[in-house]
Structures are given as structure tokens and as C-alpha cells.
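**Q**
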Amino acid sequence: MEGLAVRPGEPAPEFSLPSTLGREVTLREHHGTRNVLLAFFPGAFTSVCTAELCAFSEDFDQFETVATTVYGVSVDSVPTLLAFRKAHGMRVHLLSDFRRDVCRRYGTLLEDKFFARRAYVLVDRAGTIRWTYVESDIDQRRANDELLAQIRKLG
0 MEGLAVRPGE PAPEFSLPST LGREVTLREH HGTRNVLLAF FPGAFTSVCT AELCAFSEDF
60 DQFETVATTV YGVSVDSVPT LLAFRKAHGM RVHLLSDFRR DVCRRYGTLL EDKFFARRAY
120 VLVDRAGTIR WTYVESDIDQ RRANDELLAQ IRKLG
């Protein structure tokens, strides 16, 4: 499987997406204060995506201790993401890339399926991409321990 369109060491492409926060979220709003882990996922209410996002919620405090905001990013609509988040009591917020612009820019969109592949992009406080990972099988996901280890390397 081919890699992402973004690489570690590059500035993360800026974006503004509607979210389950009830407002647009921009990447730059975190510059200087927080790391951001973008967790692209195929779709709400699917088994692996549900397990993954619930795990982020269960470990929410661990991500907070390393000053990292986790956003799940999918092509689902905001109403779908709101229902998904509420149904599972998620603490993490979700971003809707309904137009698929951000998925295309980051290289996560599976054009033939029209949804995102499961991928992770870690952006540091300066807005630089520090780590990326793409699952070769969308039914697989990284464990939070592995993700937290990558974040801790940022210092």
C-alpha cells in the first residue's frame, strides 16, 4: 500500500473542518500549545472504528498528560459523527471531512471506495508532522500504547 501525501519533517497542511464540538476546528488553533494526533478512520458505527475511538476515549487522560489532542477524522457527516460519539460516550471529538478535501490532501482517501483508510498523523506544537502510519488492512489499528510512545518521543 502506498504511503501518505505528507511526510515527517514537513509542515502539516492546514485545514478547517466541522466537528462534534459544534464549531469548525483548525489545525493552527493548537500551534504553540498542543500536539495533535489525527486519526483518520473509514466510518462511524463500524466495529474496528468503534473500538478504536472508544479506546481513545478510555485513554483520554493519558493523551492529556502529554498535551495531545486526538481527533478522529472521517468522511461521515457531522450529524452521523454526533450520533456515533453520543452512542458510545466518547470523550474525543470527531472531524467531518464530508467533502474529502483533507483526506485527499493528506493522502488517506481510498478514491475507489470514497472513504479514508486508517492512518495516523502526529503533528507537534510547531505544526510539523513528526510521525505517520498507515494501516495496510483497515481492520487493524495501532494500540494506544504505541501512539503514546510516539508522542513521548516529542519531548
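Throughout the sequence shown, residue numbering follows numbering that gives the first Met the number 0, covering 0 to 154 in sequence.
For every residue, glycine included, the Cβ atom is placed at its ideal position computed from N, Cα and C.
Predicted model only: the values in this text are computed from it and were never measured.
Quickly, what does DSSP pair Thr67 with across the bridge? List them, please.
**A** Reading the sequence shown from its first residue, position 68 is the one you call residue 67. The partner list for Thr67 (beta bridge, DSSP) reads Asn34.
**Q** Starting from Ala118, trace the beta strand (DSSP E) in both directions and tell me its first and last residue.
**A** For this step, residue 118 is matched to residue 119 along the sequence shown. Taken as a continuous stretch (DSSP letters only), the beta strand (DSSP E) holding Ala118 covers 118-122.
**Q** Look at the alpha carbon of Pro17 and the alpha carbon of Tyr119, and state the distance between them as a whole number of angstroms.
**A** The count along the sequence shown starts at 1 and reaches residue 17 at position 18. The count along the sequence shown starts at 1 and reaches residue 119 at position 120. One C-alpha to the other measures close to 19 Å.
**Q** Are the CB atoms of Ala115 and Leu80 within a distance shorter than 7 Å?
**A** Position 81 of the sequence shown, counted from the start, is the residue given in the question as residue 80. Position 116 of the sequence shown, counted from the start, is the residue given in the question as residue 115. Not a contact, by the Cβ cut-off of 7 Å.
**Q** Just verifying my parser: in three-state terms, what is the DSSP assignment at Met0?
**A** Here residue 0 corresponds to residue number 1 of the sequence shown, with the count starting at 1. Residue confidence for Met0 is low, a pLDDT of 46 falling below 50, so the modelled location carries little weight and cannot support an answer.
**Q** Indicate whether at least one CB of chain D lies closer than 7 Å to the CB of Phe44.
**A** Any reference to chain D falls outside this structure, which holds one protein chain only.
**Q** Just grab the DSSP bridge partners of Ser46 for me.
**A** Residue numbering aside, residue 46 sits at position 47 when the sequence shown is read from its first letter. According to DSSP, which records beta bridges pairwise, Ser46 is partnered with nothing at all.
**Q** Classify Asp123 as buried or exposed, calling it buried when 16 or more other Cβ atoms lie within 10 Å of its own Cβ.
**A** Taking the sequence shown and counting its residues from 1, one reaches residue 123 at position 124. By the 10 Å Cβ count, Asp123 comes out buried.
**Q** Please list, in chain order, all residues of the same chain as Asp138 whose beta carbon is under 8 Å from its beta carbon, the five residues on each side excluded.
**A** Working through the sequence shown from its first residue, we reach residue 138 at position 139. Cβ within range, chain order: Val47.
**Q** So, with DSSP's three-state summary, where would you put Ser135?
**A** Counted from its first residue, the sequence shown places residue 135 at position 136. Ser135 falls in the coil class under three-state DSSP.
**Q** Quick test of your reading: Val65 and Arg151, contact by CB under 8 Å. State the CB separation rounded to the nearest angstrom.
**A** Within the sequence shown, residue 65 is the residue found at index 66, counting from 1. Within the sequence shown, residue 151 is the residue found at index 152, counting from 1. The Cβ separation is near 6 Å, so the contact holds.
**Q** Using 8 Å as the cut-off, can you tell me whether the segment 1-8 makes contact with the segment 82-100, which would need three or more C-beta pairs spanning the two stretches below that distance?
**A** At 8 Å Cβ cutoff, the stretches do not touch.
**Q** Shortest alpha-carbon distance to Arg140 belongs to which of Arg117, Gln149, Leu153?
**A** Along the sequence shown, one-based indexing puts residue 140 at 141. Here the closest residue by C-alpha is Arg117.
**Q** In terms of alpha-carbon separation, which member of Asp60, Thr127, Thr49, Ser56 lies closest to Leu26?
**A** Position 27 of the sequence shown, counting from 1, holds the residue named residue 26. It is Thr127 whose Cα lies nearest to the Cα of Leu26.
**Q** Is the Cβ-Cβ distance between Phe113 and Val72 less than 7 Å?
**A** Locating residue 113 in the sequence shown gives position 114, counting from the first residue. Locating residue 72 in the sequence shown gives position 73, counting from the first residue. It is not a contact, given that the beta carbons lie outside the stated cut-off.
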